[in-house]
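Engineer:
Protein chains: 2
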Amino acid sequence: MQNKSPDRTPNEIRSARTRSALIGAARALFAEKGFADTGTPEIVRRASVTRGALYHHFDDKTALFRGVVEAEAAAVAAEIEASARRAVGPRDALVRGADGYFGAMAAPGRVRLMLIDAPAALGPDALSVIDAATGGGVLRRGLEAAGVDGPVAALADLLSAAFDRAALAIATGADAAAYRDAIRRMIDALAPPDRT
Amino acid sequence: MQNKSPDRTPNEIRSARTRSALIGAARALFAEKGFADTGTPEIVRRASVTRGALYHHFDDKTALFRGVVEAEAAAVAAEIEASARRAVGPRDALVRGADGYFGAMAAPGRVRLMLIDAPAALGPDALSVIDAATGGGVLRRGLEAAGVDGPVAALADLLSAAFDRAALAIATGADAAAYRDAIRRMIDALAPPDRT
DNA sequence: TTGAAAAACATGCAATCTGCATGTAGGTAA
DNA sequence: TTACCTACATGCAGATTGCATGTTTTTCAA
Chain A
80 MQNKSPDRTP NEIRSARTRS ALIGAARALF AEKGFADTGT PEIVRRASVT
130 RGALYHHFDD KTALFRGVVE AEAAAVAAEI EASARRAVGP RDALVRGADG
180 YFGAMAAPGR VRLMLIDAPA ALGPDALSVI DAATGGGVLR RGLEAAGVDG
230 PVAALADLLS AAFDRAALAI ATGADAAAYR DAIRRMIDAL APPDRT
Chain B
80 MQNKSPDRTP NEIRSARTRS ALIGAARALF AEKGFADTGT PEIVRRASVT
130 RGALYHHFDD KTALFRGVVE AEAAAVAAEI EASARRAVGP RDALVRGADG
180 YFGAMAAPGR VRLMLIDAPA ALGPDALSVI DAATGGGVLR RGLEAAGVDG
230 PVAALADLLS AAFDRAALAI ATGADAAAYR DAIRRMIDAL APPDRT
């Protein structure tokens, strides 16, 4: 991410530590018990911080959750791009990007955070903004690069929803192979293999 | 729905009235302000009922919400089946069913209730049960009837997710035509038109 | 018809939680 | 050193949830 430049002032270091402790504690508890069933007293207890510190760094409990989700989204996007970078062509990039996505979404609790609680707590618009800046954006560019015609933005959005549902299904114990196969089939249907 | 058979006992009538008033008031408020931001005092005020009556009929606030969502899901399923019934073949049934779905999801607040708040409040498993008994089930049978091979259950699930995302996008002001076109394209890709 | 039992509600309370307002300690800059 | 600012601590007010405990209708059998 960002290296701890040694010339940071003590206040900046303190703030970063507190913020990080809060994000970390909140991530763990939100992932385990859900956003609604986790109270701020429990979060600050786990972070070894007071509620005052929380409300100094974040507007409210939802803002803290937003911080958690943004960090998760950034991690997922990084893993997708890392996978896609190893691709040989645009269609291969889609397939490899999909692998990267599923690998990233296998992180414990991530499905609950990003796909279950985030839409309700942050609202669909805020979430789509985060998505566009991370996973959704690369998917759309991937479709365009693969030469898909038609309403590419809408197609990318729908395909993104299918990805999410697949990750959700796998996380809740469904047959992972079947869902990966189904996703592959969708990609093939939209971006014909013979095109690459 | 169900005709008021004249031989119902007064208690049954009273209970049904109270339940109905609660479901109706809750539906309106949950749709407008969301599940988390609606308190039970406000619900019972609108329903002209006391909180005691609420907790007599429902285990908790979440159970009331489940009642609302189940009613919504039943209404959506009914509209889908009504549309699909007019189809001439299995593939046409998919397309007409899609129209029915989008028509049903245009009901004010329904997207928020079913696609935003329900997953977080009821949990994905409870929601998938409701979905399987309503929209998801007909979609899967539709794909099977259309002769789709492969992991049909997974494909139906992913396609269902795409439908949901399209309804969400349209409800939040996206280009409806583009999303309907994208859905049509997905159906065409999975169930080739020449097959019918 | 009546009276006991059950169903359907009504009321009040205890435990929490959230957000903020106000107070304090440590850091910064002139 | 001093005045100010950032980062945090503490306490409080309002609201909410779920339940425990009354009260009022219905039911049903004698």
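Quick mapping for you: the protein sequence lines, in order, are chains A and B.
For the first sequence, counting from 1, position 51 maps to 130 in my numbering; every step adds exactly one.
For the second sequence, counting from 1, position 195 maps to 274 in my numbering; every step adds exactly one.
Just so you know, even glycine gets a beta-carbon here, dropped at the ideal spot from N, CA and C.
Mark D139 of chain B as exposed unless 16 or more other C-beta atoms lie within 10 angstroms of its C-beta, in which case mark it buried.
Structural biologist: Residue numbering aside, residue 139 of chain B sits at position 60 when the second sequence is read from its first letter. D139 of chain B is exposed by the Cβ-count criterion.
Engineer: For a cutoff of 8 angstroms on Cβ pairs, would you count I262 of chain A as touching chain B?
Structural biologist: Along the first sequence, one-based indexing puts residue 262 of chain A at 183. Output row for I262 of chain A: interface = yes.
Engineer: Kindly say whether D138 of chain A, judged by its beta-carbon, lies nearer than 8 angstroms to any beta-carbon of chain B.
Structural biologist: Within the first sequence, numbered from 1, the residue matching residue 138 of chain A stands at position 59. It does not; no Cβ of chain B falls within 8 angstroms.
Engineer: Output, in chain order, the set of chain B residues within a Cβ distance shorter than 7 angstroms of D196 of chain A.
Structural biologist: Within the first sequence, the letter at position 117 stands for residue 196 of chain A. What D196 of chain A touches in chain B: A199.
Engineer: Please report whether the beta-carbon of G176 of chain B lies at a distance below 8 angstroms from any beta-carbon of chain A.
Structural biologist: If you number the second sequence from 1, residue 176 of chain B lands on position 97. Not one chain A Cβ lies under 8 angstroms of G176 of chain B.
Engineer: Check whether the Cβ of A258 of chain B lies closer than 8 angstroms to any Cβ atom in chain A.
Structural biologist: Position 179 of the second sequence, counted from the start, is the residue given in the question as residue 258 of chain B. Sequence check: residue 258 of chain B is Tyr here, not Ala. Closer than 8 angstroms: yes.
Engineer: How long is the line joining the alpha carbons of H136 of chain B and A200 of chain B, rounded to whole angstroms?
Structural biologist: In the second sequence, counting from the first residue as 1, residue 136 of chain B sits at position 57. In the second sequence, counting from the first residue as 1, residue 200 of chain B sits at position 121. Computed Cα separation, rounded: 19 angstroms.
Engineer: Can you give me the Cβ contacts of P169 of chain A inside the same chain, cut-off strictly under 6 angstroms, excluding the 5 residues immediately before and after it?
Structural biologist: Within the first sequence, residue 169 of chain A is the residue found at index 90, counting from 1. Here the set comprises A224, A225.
Engineer: Below 7 angstroms CB to CB, which residues in the same chain sit around A150 of chain A once its five sequence neighbours on both sides are set aside?
Structural biologist: Walking along the first sequence from the start, residue 150 of chain A turns up at place 71. Excluding positions up to five away in sequence, the list reads I102.
Engineer: Assign D210 of chain B to one of three DSSP states: helix, strand, or coil.
Structural biologist: One-based indexing of the second sequence puts residue 210 of chain B at position 131. D210 of chain B: helix per DSSP, three-state reduction.
Engineer: Between which two residues does the alpha helix (DSSP H) harbouring S162 of chain A extend?
Structural biologist: To locate residue 162 of chain A, count along the first sequence from 1; it is residue 83. Run containing S162 of chain A: 140-163, per the alpha helix (DSSP H) assignment.
Engineer: Is the segment 183-195 of chain B in contact with the segment 101-116 of chain B, if contact means three or more CB pairs nearer than 8 angstroms?
Structural biologist: In short, these stretches touch, since the Cβ pair count reaches three.
Engineer: Please identify the residue among B:A256, B:A268, B:V128, B:A250 whose C-alpha is closest to the C-alpha of R96 of chain B.
Structural biologist: As a working note, residue 96 of chain B is residue 17 in the second sequence. Taking only the C-alpha atoms, the option nearest R96 of chain B is B:V128.
Engineer: Which same chain residues, not among the five before or five after L206 of chain A, have their C-beta less than 6 angstroms away from its C-beta?
Structural biologist: Locating residue 206 of chain A in the first sequence gives position 127, where the first residue counts as 1. Hits under 6 angstroms: A197, P198.
Engineer: Taking the alpha carbon of A105 of chain B as the point to measure from, which residue in B:V123, B:A186, B:A163 has its own alpha carbon closest?
Structural biologist: Residue numbering aside, residue 105 of chain B sits at position 26 when the second sequence is read from its first letter. Checking every option, the nearest Cα to that of A105 of chain B belongs to B:V123.
Engineer: Kindly say whether P89 of chain B, judged by its beta-carbon, lies nearer than 8 angstroms to any beta-carbon of chain A.
Structural biologist: Locating residue 89 of chain B in the second sequence gives position 10, where the first residue counts as 1. Chain A contact via Cβ: absent.
Engineer: Using a Cβ-Cβ cut-off of 8 angstroms, state whether A95 of chain B counts as contacting chain A.
Structural biologist: Start at 1 with the first residue of the second sequence, and residue 95 of chain B comes out as number 16. No, no contact with chain A.
Engineer: Which residue from B:L143, B:D178, B:R145 puts its Cα closest to that of A157 of chain B?
Structural biologist: Translated into the one-based positions of the second sequence, residue 157 of chain B becomes position 78. With distances taken between Cα atoms, A157 of chain B lies closest to B:D178.
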